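Student: Just so we're aligned, residue 0 is where the sequence shown starts under numbering that gives the first Met the number 0, counting upward by one.
The structure is given below, and queries will be raised subsequently.
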Amino acid sequence: MFVGQRYFDTVIFDMDGTLTDSVPLITQAVAEVISHYHLPEQTPQQLKRFVGPPLRIGFKQYLDLPEELLDEAVEVYRRYYRPRMTQVPLFAGVEDLLRRLRSEGLKTAVASSKLEDLVRDIAEATGLSPYLDWVAGTQEKAGTSAENPADVANPQLRRGKEGVIRYALQQLSPSGALRRAVMVGDRVDDYQAACNIGIDVIGVSWGAGSREEFPGAPWVTSMLQLQSALLATSK
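Here it is in structure tokens:
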């Protein structure tokens with residue numbers, strides 16, 4: 000029986016490419032946007048760039064869409080994505096990992112750049128909800144922007160990953176005491192948000208990102224490695 004103290008007591012997971020194998024669906028939805036506007040096709044690797052950042056930012060940065068088309072592009076994407084989003088599978092070993100973390104007394108949450116209602120629907124449909132203490136996503140409020148760093152970092156506004164993680168941590172620790180928390184994700188936005196907040200971060204190899212997006216951070220290539228890292232007694 001384990002009698003020591005775990006190094007981490009709180010784990011915040013990204014969803015897409017970390018818990019759910021949703022990269023193929025996301026990239027196909029982006030391909031629908033590209034087709035809608037008769038833009039040049041992108042390679043599978045190029046399409047993976049859209050996994051992680053907010054849609055408007057991805058469309059502006061990687062498709063060079065003008066501001067006046069961004070809202071429509073998001074709707075084109077969601078028309079394809081929403082009817083299929085609850086059908087995405089979990090990566091092998093995810094349920095066993097979450098079950099083990101819960102049995103060891105760790106708090107767990109999902110923090111996603113998706114709209115919160117979508118994140119909750121996906122968590123419920125895929126069977127993640129029973130293993131999570133909180134599910135958090137972004138909000139779209141008038142007068143706020145995913146391109147404004149202050150809005151992105153604000154846990155009340157939650158226009159980006161950093162604010163969503165801060166919000167999830169607040170829900171798990173209402174007293175405001177910073178727990179021994181770690182962020183687990185597959186993209187650079189997970190890494191940057193964790194660094195900005197001042198919590199640890201672990202990158203996973205099975206998503207859309209690369210080792211280079213997690214400089215100086217642990218990088219795991221299997222669920223077993225991830226479980227060992229999360230249940231370690233020291234870093």
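Just so you know, even glycine gets a beta-carbon here, dropped at the ideal spot from N, CA and C.
No experiment lies behind these values; they were computed from the predicted model shown.
Would you give the residue range spanned by the alpha helix (DSSP H) that Thr26 belongs to?
Tutor: Locating residue 26 in the sequence shown gives position 27, where the first residue counts as 1. Counting along the chain, the alpha helix (DSSP H) containing Thr26 begins and ends at 22-35.
Student: For Arg179, which residues from the same chain have a beta carbon less than 7 Å from its beta carbon, with the 5 sequence-adjacent residues on both sides left out?
Tutor: Numbered from 1 along the sequence shown, position 180 holds the residue referred to as residue 179. Excluding sequence neighbours, Arg179 sits near Tyr6, Phe7, Asp8, Thr9.
Student: What residues match up with Gly184 in a beta bridge as DSSP calls it?
Tutor: One-based indexing of the sequence shown puts residue 184 at position 185. DSSP, once it has assigned bridges, lists Gly202 as partnering Gly184.
Student: On the DSSP bridge list, what partners appear for Asp15?
Tutor: Translated into the one-based positions of the sequence shown, residue 15 becomes position 16. According to DSSP, which records beta bridges pairwise, Asp15 is partnered with Thr19.
Student: From what residue to what residue does the beta strand (DSSP E) around Ser111 run?
Tutor: Taking the sequence shown and counting its residues from 1, the one referred to as residue 111 is at position 112. Start and end: 106-114.
Student: One question on the structure: do Ala54 and Tyr76 come within less than 8 Å of each other, judged by their Cβ atoms?
Tutor: If you number the sequence shown from 1, residue 54 lands on position 55. If you number the sequence shown from 1, residue 76 lands on position 77. Note that residue 54 is Leu in the sequence shown, not Ala. Cβ distance < 8 Å, so Leu54 and Tyr76 count as in contact.
Student: For a quick check, are the C-beta atoms of Met14 and Ile121 less than 8 Å apart?
Tutor: Reading the sequence shown from its first residue, position 15 is the one you call residue 14. Reading the sequence shown from its first residue, position 122 is the one you call residue 121. Yes, the pair counts as a contact, with Cβ atoms nearer than the cut-off.
Student: Tell me, please, whether the segment 180-196 touches the segment 150-160 by the rule of three or more beta-carbon pairs shorter than 8 Å.
Tutor: Segments in contact, yes.
Student: Taking only the alpha-carbon atoms, compute the straight-line gap between Ser233 and Arg98 and give it to the nearest angstrom.
Tutor: For the purposes of this step, residue 233 is identified with residue 234 of the sequence shown, where counting begins at 1. For the purposes of this step, residue 98 is identified with residue 99 of the sequence shown, where counting begins at 1. Rounded to whole angstroms, Ser233 to Arg98 spans 21 Å at the Cα level.
Student: Does the contact criterion of 3 or more C-beta pairs under 8 Å hold for the segment 19-30 versus the segment 214-225?
Tutor: Contact fails: fewer than three Cβ-Cβ distances are below 8 Å.
Student: In terms of residues, what are the limits of the alpha helix (DSSP H) holding Val134?
Tutor: Within the sequence shown, the letter at position 135 stands for residue 134. First-last for Val134: 133-137, but that is the beta strand (DSSP E), not the alpha helix (DSSP H).
Student: For the putative contact between Phe49 and Thr17, defined by C-beta atoms under 8 Å, what is the C-beta separation to the nearest angstrom?
Tutor: If you number the sequence shown from 1, residue 49 lands on position 50. If you number the sequence shown from 1, residue 17 lands on position 18. With 8 Å as the limit, Phe49 and Thr17 do not qualify as a contact, their Cβ atoms being about 16 Å apart.
Student: Since I believe Leu114 is in contact with Thr137 (beta carbons under 8 Å), could you give me their beta-carbon distance rounded to a whole number of angstroms?
Tutor: Sequence index remark: in the sequence shown, residue 137 carries index 138 (1-based). Sequence index remark: in the sequence shown, residue 114 carries index 115 (1-based). Right, the Cβ-Cβ distance comes to about 6 Å (below 8 Å), so this counts as a contact.
Student: Look at the alpha carbon of Gly206 and the alpha carbon of Glu212, and state the distance between them as a whole number of angstroms.
Tutor: Residue numbering aside, residue 206 sits at position 207 when the sequence shown is read from its first letter. Residue numbering aside, residue 212 sits at position 213 when the sequence shown is read from its first letter. Near 12 Å, if we compare the C-alpha coordinates of Glu212 and Gly206.
Student: Rounded to a whole number of angstroms, what is the C-alpha to C-alpha distance between Ala167 and Met182?
Tutor: As a first step, residue 167 must be located in the sequence shown, where it is residue number 168. As a first step, residue 182 must be located in the sequence shown, where it is residue number 183. Using only the alpha carbons, I get a separation of about 11 Å.
Student: Classify Pro23 as buried or exposed, calling it buried when 16 or more other Cβ atoms lie within 10 Å of its own Cβ.
Tutor: Residue mapping note: residue 23 aligns to position 24 of the sequence shown, counting from 1. Label assigned to Pro23: exposed.
Student: On the DSSP letters alone, give me the boundaries of the alpha helix (DSSP H) that Met222 sits inside.
Tutor: Position 223 of the sequence shown, counted from the start, is the residue given in the question as residue 222. Looking at the DSSP string, the run of the alpha helix (DSSP H) that includes Met222 is 222-229.
Student: Does Leu89 come out as helix, strand or coil in the three-state DSSP assignment?
Tutor: Stepping through the sequence shown from its first residue, residue 89 is reached at position 90. Correct three-state label for Leu89: strand.
Student: Roughly how many angstroms separate the alpha carbons of Asp116 and Glu123, rounded to a whole number?
Tutor: By 1-based counting over the sequence shown, the position of residue 116 is 117. By 1-based counting over the sequence shown, the position of residue 123 is 124. Cα-Cα distance, rounded: 11 Å.
Student: With a CB to CB cut of under 7 Å and the five nearest residues on each side skipped, what residues in its chain are close to Leu46?
Tutor: Sequence index remark: in the sequence shown, residue 46 carries index 47 (1-based). Closer than 7 Å at Cβ, skipping near neighbours: Thr26, Val29, Ala30.
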